[in-house]
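Engineer: Please read through the structure below; I'll follow up with questions.
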Amino acid sequence: MSELWRLTAHEAHEGLRDEQFTSVELTQSVLDRIAAVEPKVHAYITLTAELALEQAREADAKFASGTATPLTGIPVAVKDLIVTKGVRTTAGSKILENFIPPYSSHVYENLRRAGAVMVGKANMDEFAMGSSTEHSAYGPTHNPWQPGLVPGGSSGGSAAAVAAGEALVALGSDTGGSIRQPAALCGNVGLDPTYGRVSRFGIVAFGSSLDQVGPIGRDVEDVATMLQCIGGHDPRDSTSNPEPMPDMRHYLGRDIKGMKIGVPKEYFIAGMEPGVTARIEEALATLESLGATVDRSLSLPSTDHALAVYYIIAPSEASANLARYDGVKYGFSDRSGPTMWDNMEQTRAQGFGNEVKRRIMLGTYALSAGYYDAYYLKAQKVRTVINNEFAEAFARYDVIVTPTSPTVAFPIGAKVDDPYAMYLNDIYTLPASVAGLPAVSVPCGFSEGLPVGLQIIGNFFDEGRILQVASAYEQAAGFRNLLAG
Amino acid sequence: MTAIATKYETVIGLEVHCQLITRSKMFCSCSADYSGAEPNTHVCPVCLGMPGVLPVINERAIEYITMTGLALNCEISEFSKFDRKNYPYPDLMKGYQISQYDLPVCHDGWLEIEVDDERRRIGIERVHMEEDTARLLHRTDAVTGEGYSLIDVNRSGTPLMEIVSRPDMRTPAEAREYLVRLRQILRYIGVSDANMEEGNFRCDANISLRPVGAERLGTKVEIKNMNSFRAVHDAIAFEEIRQARMLDAGERIVQETRGWVDERGETVSQRTKEEANDYRYFPEPDLPPLKLSRAFAEAVRAKLPELPAAKKERFLALRLSEHEATALTEDRERAAYFEGVSAALGLEPQRSAKLAANWVLGEVARWLNAGQKEIVDFPLGPEQLAGLARLVEDGKVTPNVGKDVFEKMVTNGMDAAAIVEAEGLAQISGEDDLVEAVRRAIAANQKAVDDYRAGKDASIKFLVGQVMRETRGRANAQVVQGLLERELQEND
Ligand SMILES: [Zn+2]
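Residue numbers (numbering that gives the first Met the number 0), protein chains in the order written: chain A, 0 to 484; chain D, 0 to 491.
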């Protein structure tokens, strides 16, 4: 059995179940693939090959004992801000370069309980601050479709690993588009669940009111399976939704006849690449051909403001969340200075990258006495306005469909010195994040040889509906299991 | 009246931080009872502030703060929230403290104090919930002489309640009385040990002066580092003189934080307003707003024990004196013990109360003071003490024998009746049983007899004493005196 890494998770599950191959073989195939392409892609910060093979052996035992689940034995990439007990967790930052957590995140615990195999900790923008994975203290990840280009970010390592066959599925995290945008740029399916659907316990915090863990896979079914595994209530996260999660697989492979799709006009802007526009138009036509009604009269006038809201709220929360990294308790620590205060300052000066410092300063400023009302409080009010606009829209539409990103993958270095241009990359993903709504990006073809993503936004806790649309579209359009190289 | 009091009015507000005695910490499941534990043994990723951890509210702490608010006549907010208070310090594991900024759990209450027979209500502005910090232990390297600090995280994340008064106090004595009453209430309702010396009850004072009759408040100074009620009293007393002298000299009071230096008996400047922190408060995104229904508050109210003020009123209604009622309600345990004794006596209520009060504030208090013990350490149950009190009350033993029996009881734990029985201590009141002893006393003390006959009535007391000695104190003194008078008359 060769090139098992080409399988999707559900295909691999069938093979494991039918004893065509073992998880050890599957995992070894992925590890071999990593050895072959990782020098070009650099999807991982830390590889856990030995651990993976050990977990694969356990998985094989589960199949033998009849206790396997759909994810048992499946090689998974885990974004490096997901805390994994005993396995270094850096969040892409030098300041956590030697941090070995004494505990595990909810999502990793769930993956392990299901018998999934972790092959490594995926690269990311430092503390998830970025849209290109260039802001990693461990070097940039390359887009497997064309090395030299970014994979998107901040979950660029997760998306690149899945696209390159260095993992069958991955976990990423999304604060303003960090799952959907790299999934779009790498030709994957990426889901940002409703805020509160997946426990944040053990997720290194960036913007606490926005952060959400979600899956990246090569088709909709894999993403649904992963969500089923990681979602649901966790008492350790007080913002976690206490409602039980419905069966996501129930929504797959169903028709979408009569479904009402809103297409907001504010999402079709001047800066959008023609190739992206063309693919989105084709996708909308496909959805119509499936019996859905596509209504382009939808207006979400506050869409523009989502960027400003996001770049006040997320950095504000981050400025507090990142205060704990002072070199006193764990992680990188400069102790060469004359006093404790000098050492704390030097630790942070050397331990954080520029983008992180920029956002800490933004957030600190926005929360400062005399500025709080004008920035943070105003942003929260606008956030409510954005929420209300979405609420009105969902009274009329089942889902909202937009492009995921205005561009395809761009060259490494192209925007790294122009933060605002970089921030604009997320304009289509930010509004749903700000509102806490679930959204999925599915591949809808290529432009200039690079993947384009279609975003489907749903109402609160309506992941089933967006997966239903994504699944129907995927079936009709045929863009699934897209492997680069 | 002092010179200060005639010229300036002192305005005092107090902020009290008090640790709640919940089983677990405020936001994690670590045990909050770390006293005596090895450093850093009551810790987990949450209270260590590890990357990725999240807080979960301790419901018991919310119940306790609600109890406190109700006991302090506060409004309980149906909607409140937690906020992050940002400041860097190595004892703050997350780099921010989870506290409450603009929507505390309790607000707008009052606490009654009484100083110099005058009762006054001191306003409570707010009571809010927050987490305590870790503890820094400052050390000096024995070899290099360099200073360094160690961190003990056991205290990190334990529930801390901040009670902020309105600037309603006017004298150091009122400030002390406020703290005494506040501590009493906190202990009564069982939410805190409220022990200032042990650091689980900490107080900062805000103090300003204004000309008598003025409405506008003067510039306030915050005083910290006071570790006893006496220190609070003395620091405020020092500060009002310092500020008065400055004002007299035409100087401006600087808004600042000053620390009380107990050994020197003075306050010293710590930092001025310009150096004050900007805490950049914002709503804690990891915790949804706290919604406390009216039904919840009422359920908590139903669990509130009788508060000291109400208890005192009830004791006064039993015809106990002001002093007795105050002393008996000092702490809940003493009041409960007193009520236990009173109930066990089973006499007419006022009579029972008086008798029980005499014993609890008399022999019991004396015994406790001598051994520096608390009522909870007292070895006799209320029924046992009531048993003894009844024996004395009913004349079964004399008061003096009663005291001896008391001493025996606290030593061996036996019941009074058993001791009296075993040792034959019952009071002798029968004339037939005493007349021989009386006659012997008359026969043996001719001088006292002569003195009595010569009109010295006091001499009879000496003769009573002789009879008492012979009967080892068991004789009923009134019966003895009657017999003596009769015998001496008969032989006239
Ligand atoms: Zn803990």
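Glycine residues also receive a C-beta, built at the ideal position from the N, C-alpha and C atoms.
Using 8 Å as the cut-off, classify the Cβ of A:S332 as near or not near the heavy atoms of ligand 1, replying yes or no.
Structural biologist: no
Engineer: Out of A:P418, A:Y472, A:G336, point me to the one whose CA is closest to A:R253's CA.
Structural biologist: A:Y472
Engineer: Tell me the DSSP secondary structure of A:M123 in three-state form.
Structural biologist: coil
Engineer: Please classify A:E10: does DSSP put it in a helix, a strand, or coil?
Structural biologist: helix
Engineer: Could you check whether the Cβ of A:F200 sits closer than 9 Å to any Cβ belonging to chain B?
Structural biologist: In the displayed structure, chain B is absent; the protein chains listed are A and D.
Engineer: Could you spell out where the beta strand (DSSP E) holding A:D191 opens and where it closes?
Structural biologist: 188-191
Engineer: Can you tell me whether D:S28 sits near ligand 1, meaning its C-beta is under 8 Å from at least one heavy atom of the ligand?
Structural biologist: yes
Engineer: Return the CA-CA distance between A:V36 and A:L30, expressed in angstroms with no decimal places.
Structural biologist: Between A:V36 and A:L30, the alpha-carbon positions lie close to 10 Å from each other.
Engineer: At a threshold of 8 Å, does D:L47 count as lining ligand 1 (C-beta to nearest heavy atom)?
Structural biologist: yes
Engineer: Under three-state DSSP, which class holds D:V42?
Structural biologist: coil
Engineer: Given that D:D277 touches chain A, what residues does it touch there, using C-beta distances under 7 Å?
Structural biologist: Residues of chain A passing the Cβ test: S367, A368.
Engineer: With a threshold of 8 Å (Cβ to nearest heavy atom), would D:K93 be considered close to ligand 1?
Structural biologist: no
Engineer: Taking buried to mean at least 16 other C-beta atoms within 10 Å of its own C-beta, is D:Y86 buried or exposed?
Structural biologist: exposed
Engineer: At the 9 Å Cβ level, is D:V260 part of the contact set with chain A, yes or no?
Structural biologist: no
Engineer: Taking all protein chains shown into account, do 16 or more other C-beta atoms lie within 10 angstroms of the C-beta of A:Y427, making it buried, or fewer, making it exposed?
Structural biologist: buried
Engineer: Between the stretch 121-136 of chain D and the stretch 150-164 of chain D, are three or more C-beta pairs nearer than 8 Å?
Structural biologist: yes
Engineer: Suppose you measure from the CA of D:E323 to the CA of D:N224; what does that come to, to the nearest Å?
Structural biologist: 35 Å
Engineer: Are there 16 or more other CB atoms within 10 angstroms of the CB of D:M0, so buried, or fewer, so exposed?
Structural biologist: Low confidence applies to D:M0: its pLDDT is 43, below 50, so where it sits in the model is not reliable enough to give any reading.
Engineer: Check the DSSP bridge columns for D:W259 and list the partner residues they point to.
Structural biologist: D:T266
Engineer: Interface residues of chain D around A:L423 at Cβ under 9 Å?
Structural biologist: Residues of chain D with a Cβ closer than 9 Å to the Cβ of A:L423 do not exist; the shortest Cβ-Cβ separation is about 25 Å.
Engineer: For D:M245, name the three-state secondary structure that DSSP assigns.
Structural biologist: helix
Engineer: Checking contacts by CB at 9 Å: is A:K328 closer than that to chain D?
Structural biologist: It does; some Cβ of chain D falls within 9 Å.
Engineer: I'd like to check one pair, D:E161 with D:V10: are the Cβ atoms closer than 9 Å?
Structural biologist: no
Engineer: Should D:C17 be counted as a contact of ligand 1 given a C-beta to heavy atom distance under 8 Å?
Structural biologist: no
Engineer: Quick one: grab the DSSP three-state call for D:H106.
Structural biologist: Strand.
Engineer: Can you list, in chain order, the residues of its chain with a C-beta nearer than 7 Å to that of A:H134? Leave out the 5 residues immediately preceding and following it.
Structural biologist: D124, E125, M128, G352, E354
Engineer: Using the DSSP secondary-structure output, state which residues sit across from A:P214 in a beta bridge.
Structural biologist: A:L170
Engineer: Would you mind listing the beta strand (DSSP E) stretches within the stretch 410-458 of chain D that are 3+ residues and don't spill past its ends, in chain order?
Structural biologist: none
Engineer: Let's test the definition: count the other Cβ atoms within 10 Å of the Cβ of A:S92 and tell me whether it reaches 16, buried, or not, exposed.
Structural biologist: buried
Engineer: For A:Q19, which of A:N142, A:E49, A:T238, A:F62 has the nearest alpha-carbon?
Structural biologist: A:F62
Engineer: With distance defined between alpha-carbon atoms, name the residue in D:A141, D:E173, D:L71 nearest to D:R118.
Structural biologist: D:E173
Engineer: Cβ of A:K328 within 8 Å of any heavy atom in ligand 1?
Structural biologist: Distances between the C-beta of A:K328 and the heavy atoms of ligand 1 are all 8 Å or more.
Engineer: Apply the 10 Å Cβ neighbour rule to A:Y250 and answer buried if 16 or more other Cβ atoms are within range, or exposed otherwise.
Structural biologist: That one is buried.
Engineer: Taking the alpha-carbon of D:Q242 as reference, which of D:N226, D:E262, D:G217 has the nearest alpha-carbon?
Structural biologist: D:G217
Engineer: Using 8 Å as the cut-off, classify the Cβ of D:G156 as near or not near the heavy atoms of ligand 1, replying yes or no.
Structural biologist: yes
Engineer: Closest to D:P381 by C-alpha separation, out of D:F26, D:I240, D:A415, would be which residue?
Structural biologist: D:A415
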